[in-house]
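Undergrad: For the sequence shown, the working numbering assigns the number 73 to the initial residue and increments by one for each residue that follows.
Take this structure, written in structure tokens, and hold onto it; I'll ask about it next.
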Amino acid sequence: MNFLELIWLIPLIPLAGAAAMLFLGRHLPKTVISFLCPGAVFLSFLISAGAVIQLAGTAGKTHEVVQFMWLPALNAQWGFFLDPLSSVMILVVTGIGFLIHVYAVGYMAHEGGFYRFFGYLNLFVFFMLMLVLANNYLLLFVGWEGVGLCSYLLIGFYFDRKSAGDAGKKAFIVNRIGDAGFIIGVLLIWQLTGSLRFVDVNHAFEHGFTAETAAWGVLSTTALMLFIGATGKSAQFPLYVWLPDAMEGPTPVSALIHAATMVTAGVYMICRTHVLFELTPMASNIVAVTGAFTAIFAATIAIAQNDIKRVLAYSTVSQLGYMFLAAGVGAYWVAIFHLFTHAFFKALLFLGAGSVIHGVGGEQDMRKMGGLKKYMPVTHAVMFIATLAISGIPGFAGFFSKDEILAQVWGSVHGSKVLWAVGLTTAAMTAFYMWRMMYMTFYGAERSHVHAHESPKVMTVPLMVLALGSIVAGWFAVPRWWTFLPDSFRFFDTWLAHVFGRENGPTIPDAALTLASVGVAVLGIFVASRLYLRVWDGPLYRAMQNKWYVDEIYDFLFVNGLAKGGGELLGAFDRTIVDGGVNGAGWLTRFSSTVSIWWDTWIVDGMVRLSSFAVKLAGYPVRLIQTGYVQSYALVFVAGVLAIIGFYFVR
């Protein structure tokens, strides 16, 4: 079977599952839904795996399937593009997405709206697959907006809770801000290159433009607009505020958004447009600095959170900052590498947190947990592995990608020692807040919870698979292991290097840099083990616990200030400028119509009457002989004949 020609089916199958839930889900038993919706994603995963394996055997490592011309005016096709970059993405989306679907069968078993939830999940996967498989920016934008819509639906799934509805609206509105920048960037690409197809755009940038090194130009503006879109979708400062509130949705939604789908879209888009960013070092510097600042800023907030899901939410914001830091210094394949490893251990952490919440009857406050290791041994074991991975302990997935990011930031011509120091400090803080979470949840004395129990196998088996991935995923980037792996799995060596124009794959980081990154991780774990139960106080800690009051500042400036409190100012502006312009236009219309009526009545009608009188006057002699009577005409005829005869007699 030629899977490469069937890549258009990869997003279509989850869409069919979503459509089935929309039209038939209400009438289907939960057992059928539990097989149908996860099965749709699994079937997409099988086709994805087959296509990736076949792609690895092709010479060009790219394949495009165009189904029809979508928008001729923009020369935009409805087409799908598979290369090593999109290969990694579809395997992550469908593979981890399938495990999350299976887990959700157990987690949502006793919740209302079962069919609706799985319909939304399938729709989410469909739009994300459209995003990463699109062959042009316009079709990518369809998926881009689709995942924004689905995030609203899933975050606000518990629509009877005001907090969930508010969180869904917050995610939708904040993403619209970023999307405005993305649209402008896409239009600028069209204006610059005359095409929106990735292959054409990259070719145009490679051969038609030179790098903007001395001044800010149109290329830098285009890159910055795209990055603004990425900051909204991938939750970078200052548009990160929607992601922590996304915890209002069910835990499988948190895992899907944070690990496999929506938040990775911005990183993917930046890497897909890497040719443009390589031409704009100033814009790339903004990407790197924003990523580094977001990473350490979110880490400071995670340190002081007590809600287990909020710790992980700010951890996601921080880890996404790492990815943008890598992309900003030109290490695009490293950004995708960390996206890949992060998908495993972050999905595992969120699903593990969901297992904890499920096991303790819905409690999310870690101050009311403790001592759960003996009640939930499987959940503890898998979360232990995931926490080692995200902390960057050698041998686990996160170590390889995090270490490579720090090495690239240190050694790249676009990197800097300051950014490296920020990344290293963030690594130490990551280890601290993650192990603080582990100690507060699984160790120490039992606190408040009753009847804690392990989750069912439908939830724990996906956790075990993700735990395995959290161990082995990083080894995909170790060249000496390639003799044990088929070509189709060489994502991060020569394969992704092919996409980003790199002759060599991963470097071997300097031993001193590795020792430093591992050392700060161990230090963070040690400090967490000593301080996890200590009650902190003081203005600095309270500021971190209250998320540096960013939400309050936004509420003051934009919600209550601009939208509500600024209503008087906006009202005055509306009354004087907007209404004035509208009313002025109406007055001008009325005045023009009055002048028109006067002109029509006095001038035009006068001229018409004058012309009519002249016509009548000129036609009066004619009217005397044009009587309409035959006798009169005969008399005139005879008189005429007699006149002519008389004339000749006289002559």
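From the three backbone atoms N, C-alpha and C, an ideal C-beta is built for every residue, glycine too.
No experiment lies behind these values; they were computed from the predicted model shown.
Restricting to Cα atoms, I'd like to know which of V160, Y187 and A398 is closest to F107.
TA: By 1-based counting over the sequence shown, the position of residue 107 is 35. Closest option to F107, Cα to Cα, is Y187.
Undergrad: Alpha carbons only, please: which of F412, K102 and L84 is nearest the one belonging to G151?
TA: Taking the first residue of the sequence shown as position 1, residue 151 is located at position 79. Among F412, K102 and L84, the Cα nearest to that of G151 is on L84.
Undergrad: Alpha carbon to alpha carbon, how far is T325 from N207?
TA: Within the sequence shown, residue 325 is the residue found at index 253, counting from 1. Within the sequence shown, residue 207 is the residue found at index 135, counting from 1. Looking at the sequence itself, residue 325 is Val, so the reference to Thr does not match. Taking the straight line joining both Cα atoms gives about 27 angstroms.
Undergrad: When burial is assigned at 16 or more other CB atoms within 10 Å of the CB, is W608 buried or exposed?
TA: As a first step, residue 608 must be located in the sequence shown, where it is residue number 536. Exposed is the call here.
Undergrad: Taking Cβ to Cβ, would you say S356 is nearer than 8 angstroms to H486?
TA: Translated into the one-based positions of the sequence shown, residue 356 becomes position 284. Translated into the one-based positions of the sequence shown, residue 486 becomes position 414. Their beta carbons are under 8 angstroms apart, which means S356 touches H486 by this criterion.
Undergrad: Would you list the one or two residues that DSSP bridges to E136?
TA: Your numbering for residue 136 matches position 64 in the sequence shown. According to the DSSP secondary-structure assignment, E136 is paired through a beta bridge with F153.
Undergrad: Could you check what DSSP says for D379 in three-state terms: helix, strand or coil?
TA: For the purposes of this step, residue 379 is taken as residue 307 along the sequence shown, with counting starting at 1. Note: D379 maps to strand in three-state DSSP.
Undergrad: According to the neighbour-count rule (16 or more other Cβ atoms, all chains shown, within 10 Å of its Cβ), is D232 buried or exposed?
TA: Counted from its first residue, the sequence shown places residue 232 at position 160. That one is exposed.
Undergrad: Once DSSP output is grouped into helix, strand and coil, what is the label at R519?
TA: For this step, residue 519 is matched to residue 447 along the sequence shown. The DSSP-derived three-state label of R519 is coil.
Undergrad: CB-CB under 7 angstroms to G218, same chain, minus the five flanking residues each way: which ones, in chain order?
TA: To locate residue 218, count along the sequence shown from 1; it is residue 146. The answer, listed in chain order, is F199 and M202.
Undergrad: Whether or not the segment 272-286 and the segment 328-340 are in contact is what I'm after, with contact meaning three or more pairs of Cβ atoms, one per stretch, closer than 8 angstroms; do they touch?
TA: They do not touch, by the three-pair rule.
Undergrad: Helix or strand or just coil, what does DSSP make of R269?
TA: The residue you call residue 269 lines up with position 197 of the sequence shown. If DSSP states are grouped into helix, strand and coil, R269 belongs with the strands.
Undergrad: Taking the beta carbon of Y505 as the centre, do at least 16 other beta carbons fall within 10 Å, making it buried, or is it exposed?
TA: Locating residue 505 in the sequence shown gives position 433, where the first residue counts as 1. Y505 should be labelled buried.
Undergrad: Measure the CB-CB distance between L315 and L420 and report whether it falls below 8 angstroms.
TA: Within the sequence shown, numbered from 1, the residue matching residue 315 stands at position 243. Within the sequence shown, numbered from 1, the residue matching residue 420 stands at position 348. No, Cβ-Cβ distance for L315 and L420 is not below 8 angstroms.
Undergrad: Taking 8 angstroms as the threshold, find out whether the segment 425-438 comes into contact with the segment 370-389 through three or more Cβ pairs.
TA: yes
Undergrad: In whole angstroms, give me the CA-to-CA distance for S463 and V654.
TA: Taking the first residue of the sequence shown as 1, we reach residue 463 at position 391. Taking the first residue of the sequence shown as 1, we reach residue 654 at position 582. Near 60 angstroms, if we compare the C-alpha coordinates of V654 and S463.
Undergrad: Going along the chain, which residues of its own chain have a beta-carbon closer than 6 angstroms to the beta-carbon of L557, five neighbours each way excluded?
TA: Numbered from 1 along the sequence shown, position 485 holds the residue referred to as residue 557. Model confidence at L557 stands at a pLDDT of 40, short of 50, so the residue's coordinates are unreliable; what they give is reported in the following sentence. Cβ neighbours of L557 beyond the five flanking positions: none.
Undergrad: Do I249 and L311 come within 8 angstroms of each other at the CB atom, strictly closer than that value?
TA: On the sequence shown, residue 311 is found 239 positions in, with the first residue counted as 1. On the sequence shown, residue 249 is found 177 positions in, with the first residue counted as 1. Taking a C-beta distance under 8 angstroms as the contact criterion, L311 and I249 qualify as a contact pair.
Undergrad: Tell whether a beta-carbon distance below 8 angstroms holds between W80 and I373.
TA: Within the sequence shown, numbered from 1, the residue matching residue 80 stands at position 8. Within the sequence shown, numbered from 1, the residue matching residue 373 stands at position 301. Contact flag unset, no.
Undergrad: Less than 8 angstroms between the C-beta atoms of G495 and L397, yes or no?
TA: Stepping through the sequence shown from its first residue, residue 495 is reached at position 423. Stepping through the sequence shown from its first residue, residue 397 is reached at position 325. In this structure, L397 lies closer than 8 angstroms to G495 by Cβ.
Undergrad: If you draw a straight line from the C-alpha of K241 to the C-alpha of V197, how long is it?
TA: Here the question's residue 241 lines up with position 169 in the sequence shown. Here the question's residue 197 lines up with position 125 in the sequence shown. When rounded, the distance between both Cα atoms is 21 angstroms.
Undergrad: Report the rounded CA-to-CA distance for G32 versus V490, giving the unit in angstroms.
TA: As shown, the chain starts at 73 and ends at 723. That puts residue 32 outside it, with no answer to give.
Undergrad: Since I believe Q480 is in contact with G393 (beta carbons under 8 angstroms), could you give me their beta-carbon distance rounded to a whole number of angstroms?
TA: Residue numbering aside, residue 393 sits at position 321 when the sequence shown is read from its first letter. Residue numbering aside, residue 480 sits at position 408 when the sequence shown is read from its first letter. 15 angstroms between Cβ atoms; not a contact.
Undergrad: Is DSSP giving F556 helix, strand or coil here?
TA: As a working note, residue 556 is residue 484 in the sequence shown. Because the pLDDT at F556 is just 42, under 50, the model does not fix this residue reliably, and the value given afterwards should be weighed accordingly. Here F556 sits in helix by DSSP.
Undergrad: I need the boundaries of the alpha helix (DSSP H) containing W507, first residue and last residue.
TA: Taking the first residue of the sequence shown as 1, we reach residue 507 at position 435. Unbroken alpha helix (DSSP H) run through W507: K489 to F514.
Undergrad: What's the C-alpha gap between Y175 and A499?
TA: Residue numbering aside, residue 175 sits at position 103 when the sequence shown is read from its first letter. Residue numbering aside, residue 499 sits at position 427 when the sequence shown is read from its first letter. Their backbone Cα atoms lie some 30 angstroms apart in a straight line.
Undergrad: Can you give me the C-alpha to C-alpha distance between L660 and Y626, rounded to a whole angstrom?
TA: Residue numbering aside, residue 660 sits at position 588 when the sequence shown is read from its first letter. Residue numbering aside, residue 626 sits at position 554 when the sequence shown is read from its first letter. Cα atoms of L660 and Y626: separation of roughly 41 angstroms, rounded to the nearest angstrom.
Undergrad: Helix, strand or coil, according to DSSP, for L351 in the structure here?
TA: In the sequence shown, counting from the first residue as 1, residue 351 sits at position 279. Correct three-state label for L351: coil.
Undergrad: Check for me: the alpha helix (DSSP H) holding Q480 runs from which residue to which?
TA: Within the sequence shown, numbered from 1, the residue matching residue 480 stands at position 408. Element bounds for Q480: A469 to G483.
Undergrad: By how many angstroms is the C-alpha of P110 removed from the C-alpha of L328?
TA: As a first step, residue 328 must be located in the sequence shown, where it is residue number 256. As a first step, residue 110 must be located in the sequence shown, where it is residue number 38. Their backbone Cα atoms lie some 13 angstroms apart in a straight line.
Undergrad: Count the other C-beta atoms from every protein chain shown that fall within 10 angstroms of the C-beta of E77, then say buried if there are 16 or more, exposed otherwise.
TA: Counting from 1 along the sequence shown, the entry for residue 77 is found at position 5. Here E77 is exposed: its Cβ has fewer than 16 other Cβ atoms, across all protein chains shown, within 10 Å.
Undergrad: Could you check the C-alpha separation between T294 and K445 for me, to the nearest Å?
TA: Stepping through the sequence shown from its first residue, residue 294 is reached at position 222. Stepping through the sequence shown from its first residue, residue 445 is reached at position 373. Distance between the alpha carbons of T294 and K445 is about 51 angstroms.
Undergrad: Alpha helix (DSSP H) containing M531: first to last residue?
TA: Stepping through the sequence shown from its first residue, residue 531 is reached at position 459. Run containing M531: K529 to V544, per the alpha helix (DSSP H) assignment.
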